[in-house]
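S.K.:
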Amino acid sequence: MISYCGISYCGRLSNRKAFLHKDLSNFEFEIFQVAIESLDDNEPPSLKSKDAVIYIAYKDLAKVRTGEPYHCQAVVR
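Taking the UniProt record's numbering, the leading residue of the sequence shown gets 1, the next gets one more, and so forth.
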């Protein structure tokens, strides 16, 4: 999940600067739903699919404390 958090974190950076693993150490989240859509002919959809889309719904717990909207979604292909 850290790599997905990195994607989310990079998306927030305005200048797209490089970040280190320690930059993600304060990223607190709770995953509450994951769905896999297989784009190849595998049934049922699997993480082993060569072509898949993964949808992740999570709560950004740091935002909960600040009163900001905290339901987030990540889409990974």
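Ideal placement from N, C-alpha and C gives every residue a C-beta, glycine not left out.
#1: With a CB to CB cut of under 7 angstroms and the five nearest residues on each side skipped, what residues in its chain are close to valine 75?
#2: According to DSSP, is lysine 63 helix, strand or coil?
#3: Taking isoleucine 36 as the reference, give the member of Lys48, Glu68, Tyr70 and Phe29 with the closest Cα.
#4: Does DSSP put asparagine 15 in a helix, in a strand, or in coil?
#5: Taking the Cβ atom as the reference point for each residue, do tyrosine 58 and phenylalanine 29 lie within a distance shorter than 7 angstroms?
#6: Using only the alpha-carbon positions, how far apart do residue 126 and cysteine 72 sit?
M.R.: In short:
#1: If we look at valine 75 and ignore the five residues flanking it on each side, its Cβ neighbours are Val53 and Tyr55.
#2: Correct three-state label for lysine 63: helix.
#3: Cα-wise, what sits closest to isoleucine 36 is Lys48.
#4: Note that asparagine 15 has pLDDT 48, beneath the 50 cutoff, so the model's placement of it is unreliable and no number is given.
#5: Going by C-beta atoms, tyrosine 58 is nearer than 7 angstroms to phenylalanine 29.
#6: In the structure displayed, the chain extends from 1 to 77; residue 126 sits before or after that span and is not available.
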